[in-house]
Every structure is written in C-alpha cells, then in structure tokens.
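Trainee: Everything in the sequence shown is counted per this note's numbering, starting at 333 for the first residue and increasing by one.
Note that beta-carbon positions come from the ideal geometry of N, C-alpha and C, so glycine has one too.
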Amino acid sequence: MIEVAKRLQTVEEYYFSKKLREVNLLIASGKPIINLGIGSPDLQPPKKVLSAISASFENPIAHKYQSYQGLPELRDAISRFYKEHFSVNLSSGTEILPLMGSKEGIMHISMTYLNEGDEVLIPNPGYPTYQSVTKLVGAKGVLYELDAANNWMPNFDALEKTDLSKVKLMWVNYPHMPTGAKPSKTVFEELVAFGKRNNILIVNDNPYSFILNDNPTSILSVEGAKDVCLELNSLSKTFNMAGWRVGMVMGASEHINNILKVKSNMDSGMFYGIQKGAIEALKCSNMWFATLNSVYEERRNLVWQLADALNCTYDKEASGLFVWAKLPAYLKSEEFIDLVLKENHIFITPGTIFGTKGEGYIRFSLCASTEVLEEAIARVK
Numbered sequence: 333m334i335e336v337a338k339r340l341q342t343v344e345e346y347y348f349s350k351k352l353r354e355v356n357l358l359i360a361s362g363k364p365i366i367n368l369g370i371g372s373p374d375l376q377p378p379k380k381v382l383s384a385i386s387a388s389f390e391n392p393i394a395h396k397y398q399s400y401q402g403l404p405e406l407r408d409a410i411s412r413f414y415k416e417h418f419s420v421n422l423s424s425g426t427e428i429l430p431l432m433g434s435k436e437g438i439m440h441i442s443m444t445y446l447n448e449g450d451e452v453l454i455p456n457p458g459y460p461t462y463q464s465v466t467k468l469v470g471a472k473g474v475l476y477e478l479d480a481a482n483n484w485m486p487n488f489d490a491l492e493k494t495d496l497s498k499v500k501l502m503w504v505n506y507p508h509m510p511t512g513a514k515p516s517k518t519v520f521e522e523l524v525a526f527g528k529r530n531n532i533l534i535v536n537d538n539p540y541s542f543i544l545n546d547n548p549t550s551i552l553s554v555e556g557a558k559d560v561c562l563e564l565n566s567l568s569k570t571f572n573m574a575g576w577r578v579g580m581v582m583g584a585s586e587h588i589n590n591i592l593k594v595k596s597n598m599d600s601g602m603f604y605g606i607q608k609g610a611i612e613a614l615k616c617s618n619m620w621f622a623t624l625n626s627v628y629e630e631r632r633n634l635v636w637q638l639a640d641a642l643n644c645t646y647d648k649e650a651s652g653l654f655v656w657a658k659l660p661a662y663l664k665s666e667e668f669i670d671l672v673l674k675e676n677h678i679f680i681t682p683g684t685i686f687g688t689k690g691e692g693y694i695r696f697s698l699c700a701s702t703e704v705l706e707e708a709i710a711r712v713k
C-alpha cells in the first residue's frame, strides 16, 4: 500500500461529507429525513442569470480556455457592485480576482502567504476550512476564542497579550458564520489597526452580507484597509448560485498578483457562460435582495418556533442563512442532534464542528421550504 502524504495525517474528512453519508443511508432505508444542516440555497438564481448562461453556449469562445483573471466585464461588474453596495473603490484591472467559489480562495491565499511553521489566527467558533487548510499547507492554527458575551467579536486585548511573532495571517468572517453576528465599523477599524501594528494579513470572508442584514459592510471600506486586508466574497448565498462556484478575492494589486501566481497554476479559468451569468447577477437591483430576504424572514420565524419547541434560545438580531441556537445547559451538541435525528428524523448541525466554543449550540439552516419547516415543528411538538 502506498502511504498518503503526511499532510493528510493532520486533517480528517469534512464533517458534512461523513455525516451526510449517514443521513443518506437513513433516507435510503425509508426514513423521512428533514435536512436542516446544510446551507445550500434551495431557491432559484435570478432568471436573467440562467438566460445569460444559456445564451452563452452559442458563442464561439464559450468552450475554450478562459482567462485566469476572468472576463474584464466580470471584474468590472464586481467593481461596480462593491462601489454601489459597500462604497468601496476597486480597480477592476488590478484589485479583483474572480475565483471558482470563495472556498478555493482560502487555499490560494494560504498557499500564497504561509510557510511551514507560520502561525494563523483562526476564529473559534468558525468555518472549519480555515483550520484544515492551515494544516494542509503545514502552518499552525492558533485559535482565538469568540463568545456571546462579546457578541462573537475578537477580544483584541487578549490577542495583544499573546505571542504574535510568528502569526502571518488572521481569518475573520463577518457577518459571522455560524453565529450570524454582524460587525460594526469600529470592529473592522480595530482589525485593520491590529493587522498594521502586528504585520498580519487580515482576510475577511464575507459571503453572508446580504442575507437578513440591512447594513452590508466590507472591511475594505475602512481607510487604509487594503494595506493589510483581503476580502473574499461569493455569489453562492446572495444569488442562489452555490453550485455554479463563483467567488472573488479583493485587495491591493500586490496581493492579487501574488495570489494569481498560485491560482494560475491550479486551474484554467472559469467557464465562460458562468461568468456571463455572474455579470447579470451582480447587476440585480435592490428588489432582488428584498424579495430574497422576505422568503428567508418567513423561514427564520418558523425556525425560531422549532428552536422554541426544542427549548433552545437564540439572538433575534443575528443575520445570515442560519439560526445559531443555545441548548439547555445540561445538553451536549452532538448527543442532542443525534437524538433529534433518531427520534424526529431531523438533521441539525452540532455547534462543535465549528470549534470547542460551539459546544452547547446547534445550527439550523434556512434552506428549506416553509412546508418542510412546518413539518419539522409538528414532529417535535
């Protein structure tokens, strides 16, 4: 047997990859499982997006290799979108790099800046991919704890008291997943100042700004942010295009050029038609966001009822595609979700997959119809 690379000994298969096999086996055996675990939008993209993708098939260049930097029109559309919605000025030629989903950007950025032994500040709780990618590139993850008492924001006093001499990069994710905590401008200003004081690259992962959030913000709106910050974004949640894999990274031209050196050796450009669809998505008016959020608001109200039925508490001011709910004090996250899966045939995400600070919490996805959510409530009641 040929041994796997040592890097694979540091990571495990992604939680959802393993757990969904179990869920699918239950479904195959006839169990009527309701899946409230995954944040995969079940709504349709804007119609003009699908029309643009379909129309692109007849273009003679559609099936050829595409630019590693994406179509100029796509980068122009991203630039206009950031100007309109975040009041951020970006050069479409030098400060924007389209990605095949923002998740690949986590790997590209890590491969661009991290050497073996470098340290990375990772939120706890936070998106598990930050930790796994850090391990895959041979760097060391240093968890910084977030908690409800501080509205899931970094404790800068505590961070400054730690040894930051080997820290090269810091992952932040606001609006925050899984908790839905929304950042203030002050927090972004503090992050920029922290990065400058300590020569740390701050990367804000920002795919949830437009979901149940009246005030979309970007860390790049802070003066001087481009000196030490990058921002990842995605069309997956905002425009129901998760499967199309469209993301982007924005920042200073030097950073973008460095990331391009990695990306251009790993893929051959995004499919032309998907880029044309993404351009149309980015042109959507505010009516699109209002309509989308009216659906999610109705669903969230039902999920709150489901959380109530399970004796959980939650923050009604939180945003995003999920409801982060606290269990009664005596319950453990994974034991609880396994019990609900067994007795009620409902799959909910345990907070522990996001880190130790997720113990005692569970996460509900809003990616289910009102009929499905009403059925879930009925099963619990």
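Considering only C-alpha positions, which residue in the set Val343, Glu555 and Ser442 is nearest to asparagine 590?
Mentor: Ser442
Trainee: Taking only three categories from DSSP, how would you classify isoleucine 591?
Mentor: The answer is helix: DSSP assigns isoleucine 591 an H, G or I state.
Trainee: Identify whether leucine 523 lies in helix, strand or coil by the three-state DSSP scheme.
Mentor: helix
Trainee: Go ahead and pull the three-state DSSP assignment for lysine 351.
Mentor: Helix, per DSSP.
Trainee: Who are the near neighbours of phenylalanine 520 in its chain, counting only those whose CB is closer than 6 angstroms to its CB and skipping five residues on each side?
Mentor: Sequence-distant Cβ neighbours of phenylalanine 520 in its own chain, meaning closer than 6 angstroms and more than five residues away, are Ile551 and Val554.
Trainee: Could you compute how far the alpha carbon of threonine 645 sits from the alpha carbon of isoleucine 393?
Mentor: 53 angstroms
Trainee: Please list the terminal residues of the continuous beta strand (DSSP E) segment that includes asparagine 565.
Mentor: 561-566
Trainee: Tell me which residue opens and which closes the alpha helix (DSSP H) that tyrosine 462 is part of.
Mentor: Under the DSSP assignment, tyrosine 462 falls in the alpha helix (DSSP H) whose first and last residues are 460-468.
Trainee: Helix, strand or coil for phenylalanine 418, going by three-state DSSP, please let me know.
Mentor: In the three-state DSSP reduction, phenylalanine 418 falls in the helix class (H, G or I).
Trainee: Determine the contact status of serine 697 and phenylalanine 654, defining contact as a CB-CB distance below 7 angstroms.
Mentor: yes
Trainee: Cβ-heavy atom distance between phenylalanine 654 and the ligand ZN below 6 angstroms?
Mentor: With respect to the ligand ZN, the structure shown offers nothing to examine, as it has no ligands at all.
Trainee: Suppose contacts are defined by Cβ-Cβ distances below 7 angstroms. Is valine 465 in contact with leucine 501 by that definition?
Mentor: no
Trainee: Determine the direct distance from the alpha carbon of histidine 417 to that of methionine 602, and round the result to whole angstroms.
Mentor: 24 angstroms
Trainee: Distance check for phenylalanine 526 and alanine 481, CA to CA, integer angstroms please.
Mentor: 21 angstroms
Trainee: With three or more beta-carbon pairs closer than 8 angstroms as the criterion, would you say the region 585-600 touches the region 542-550?
Mentor: no
Trainee: Suppose the cutoff is 7 angstroms on Cβ atoms and the five residues either side in sequence are ignored; what does the same chain contact list for glycine 437 look like?
Mentor: Leu431, Leu564, Gly579 and Val581
Trainee: Helix or strand or just coil, what does DSSP make of alanine 657?
Mentor: strand
Trainee: Per DSSP, which residues does isoleucine 680 bridge with? Please list them.
Mentor: None, per the DSSP bridge assignment.
Trainee: Under 8 angstroms Cβ to Cβ from isoleucine 365, same chain only, skipping five residues before and after it: list those, please.
Mentor: Correct list, in chain order: Val355, Leu358, Ile359, Leu673, His677, Ile678 and Phe679.
Trainee: At the level of alpha carbons, what is the spacing between asparagine 531 and leucine 446?
Mentor: Roughly 14 angstroms between the two C-alpha positions.
Trainee: Relative to the alpha-carbon of glycine 449, which residue among Glu675, Lys467, Arg711 and Pro455 has its alpha-carbon at the smallest distance?
Mentor: Lys467
Trainee: Please check the pair leucine 422 and serine 434, which I expect to be a contact at CB under 8 angstroms, by giving their CB distance rounded to whole angstroms.
Mentor: Actually they do not touch by this definition, with Cβ atoms about 16 angstroms apart.
Trainee: Whose CA, out of Pro455, Lys569, Thr684 and His508, lies closest to the CA of alanine 613?
Mentor: Lys569
Trainee: Quick check on the DSSP output: what are the complete alpha helix (DSSP H) runs of length 4 or more inside the region 466-493, in order along the chain?
Mentor: 488-492
Trainee: Taking C-alpha atoms, which residue in Gln607, Leu705 and Gly683 lies nearest to leucine 382?
Mentor: Here the closest residue by C-alpha is Gln607.
Trainee: How about proline 507 and serine 349: are their beta carbons less than 7 angstroms apart?
Mentor: no
Trainee: Measure the C-alpha to C-alpha separation of valine 474 and isoleucine 454 and round it to an integer number of angstroms.
Mentor: 6 angstroms
Trainee: On the three-state DSSP scale, how would you describe threonine 623?
Mentor: helix
Trainee: Going by other Cβ atoms of all chains shown within 10 Å of its Cβ, with 16 needed for buried, is proline 660 buried or exposed?
Mentor: exposed
Trainee: Taking isoleucine 428 as part of the beta strand (DSSP E), name the residues at either end of that continuous run.
Mentor: 428-431
Trainee: Under the assumption that glutamate 427 contacts isoleucine 611 (Cβ atoms under 8 angstroms), give the Cβ distance between them as a whole number of angstroms.
Mentor: With 8 angstroms as the limit, glutamate 427 and isoleucine 611 do not qualify as a contact, their Cβ atoms being about 18 angstroms apart.
Trainee: Excluding five sequence neighbours on each side, which residues of the same chain lie with their C-beta closer than 7 angstroms to the C-beta of lysine 558?
Mentor: Same-chain partners within the cutoff: Leu552, Gly583 and Ala584.
Trainee: Are the beta-carbon atoms of aspartate 408 and serine 386 separated by less than 7 angstroms?
Mentor: no
Trainee: For the alpha helix (DSSP H) that contains tyrosine 693, what are its first and last residues?
Mentor: Element bounds for tyrosine 693: not the alpha helix (DSSP H) but the beta strand (DSSP E), 693-697.
Trainee: Is tyrosine 646 helix, strand or coil when you go by DSSP?
Mentor: strand
Trainee: Between proline 373 and alanine 574, is the Cβ-Cβ spacing less than 7 angstroms?
Mentor: yes
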